[in-house]
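Input: a single structure, listed below in structure tokens.
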Amino acid sequence: MVRIDSSLPNFDLERSAFARGFARVAGIDEAGRGPWAGPVVAAAVILNPEALPQGINDSKKLTHARREELYDIILAGAEVGIGIIDVAVIDRDNILQATYAAMIQAVSALASAPLLALVDGNRAPKLTCPAETVIEGDGKCLSIAAASIIAKVTRDRMMIDLDRQCPGYGFAKHKGYGTADHQEALSRLGPSAHHRRSFEPIRILFETATARVA
2 MVRIDSSLPN
12 FDLERSAFAR
22 GFARVAGIDE
32 AGRGPWAGPV
42 VAAAVILNPE
52 ALPQGINDSK
62 KLTHARREEL
72 YDIILAGAEV
82 GIGIIDVAVI
92 DRDNILQATY
102 AAMIQAVSAL
112 ASAPLLALVD
122 GNRAPKLTCP
132 AETVIEGDGK
142 CLSIAAASII
152 AKVTRDRMMI
162 DLDRQCPGYG
172 FAKHKGYGTA
182 DHQEALSRLG
192 PSAHHRRSFE
202 PIRILFETAT
212 ARVA
């Protein structure tokens with residue numbers, strides 16, 4: 002007998018949607034709402050119900066190596082769309098609207114439009130298809146969990162590349178989050194062009210730097 006780990010996300014919500022007439026269901030999640038630097042990234046994933054990947058979980062519960070492995074498996078067997086919104090838009094529109102824009106972009110990047118979107122969280126953007134929110138969906142819904150992996154790995158790789166372009170801040174290590182190392186680098190180097198000026202810790206640093214120049 003195969004023992005099923007009930008703590009892992011499952012495909013029940015997708016099957017329920019199929020029964021209601023939604024033949025193509027996308028899971029949507031994002032990575033990068035909280036960091037002080039870098040873009041916000043969203044992914045939309047339509048899994049093949051005849052070939053569901055094994056071992057998918059909320060990206061935060063997986064090791065780096067396992068995320069990388071599952072990233073390749075998901076890309077090989079599912080339809081995937083990715084949306085990336087940069088710091089300038091985050092600062093202009095706020096992080097919530099930037100996250101919505103990334104999700105809309107991710108759905109638009111799918112090869113074919115979904116008939117229903119399952120969105121992690123309690124709010125969803127206005128999409129071209131109906132959307133249903135799933136609180137803590139990355140731990141419950143297989144398609145959302147798959148999207149969380151795609152978004153996380155995509156963003157992490159971008160931050161590693163940003164670390165090469167903008168050394169000294171430790172982006173490869175903390176991925177832009179407000180760690181002690183990041184705070185120390187900011188106090189030493191000041192904020193970069195990749196930092197989110199609309200986030201209070203960075204805004205204060207920018208204002209302090211401007212005051213010193215004045």
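Following this note's numbering, the numbering of the sequence shown begins with 2 at its first residue and continues without gaps. The beta-carbon is built from N, C-alpha and C at its ideal position, and this holds for glycine as well. Here the structure is a predicted model, which means the values were calculated and not measured.
Residue closest to residue i, alpha-carbon to alpha-carbon, out of the options
i	options	result
Asp13	Gly140, Ile86, Arg68 and Val108	Gly140
Gly122	Tyr101, Ser188, Pro115 and Ala107	Tyr101
Thr129	Lys176, Pro115 and Pro50	Pro115
Pro131	Ala66, Ile203 and Ile105	Ile105
Lys61	Glu137, Gly171 and Arg204	Glu137
Tyr178	Asn95, Arg67, Phe200 and Asp59	Phe200
Ala103	Arg124, Ala44, Arg93 and Asp94	Ala44
Host alpha helix (DSSP H) of residue i (start-end)
i	result
Glu51	Element bounds for Glu51: n/a, residue is neither H nor E.
His183	Ala181 to Leu190
Close-in-space but distant-in-sequence residues of the same chain around residue i (CB under 7 Å, 5 per side omitted)
i	result
His195	Ala38, Gly39, Val88, Leu163 and Cys167
Ala79	Val46, Ile47, Leu48, Asn49 and Ala147
Pro192	Ile203, Leu206 and Phe207
Cβ neighbours of residue i in the same chain (closer than 8 Å, five flanking residues each side left out)
i	result
Leu63	Leu71 and Ile150
Leu53	Phe12 and Leu143
Ala20	none
Asp6	Reliability of the predicted coordinates at Asp6 is poor, the pLDDT of 48 falling under 50, and the value obtained from them is presented with this limitation in mind. Closer than 8 Å at the Cβ level, and outside the excluded window around Asp6, lies no residue.
Integer-rounded CB distance, given that residue j should sit under 8 Å from residue i
i	j	result
Leu143	Leu206	Leu143 to Leu206, Cβ: 41 Å. No contact.
Ala27	Val42	Actually they do not touch by this definition, with Cβ atoms about 16 Å apart.
Close beta carbons around residue i, own chain, < 6 Å, minus the five adjacent residues each side
i	result
Met2	In this prediction, Met2 has a pLDDT of 28, which is less than 50 and means its spatial position is unreliable; what the coordinates show is noted afterwards. Here the set comprises nothing.
Residue ranges of each beta strand (DSSP E) within the region 79 to 103, 3 or longer: 80 to 86
4-residue-minimum alpha helix (DSSP H) runs that sit fully inside the region 95 to 177, ordered along the chain: For the alpha helix (DSSP H) assignment, the uninterrupted runs of no fewer than 4 residues enclosed by the region 95 to 177 are, from N- to C-terminal side, 96 to 109, 143 to 166 and 172 to 175.
Segments assigned beta strand (DSSP E), at least 3 residues, entirely inside the region 4 to 71: 26 to 32 and 41 to 47
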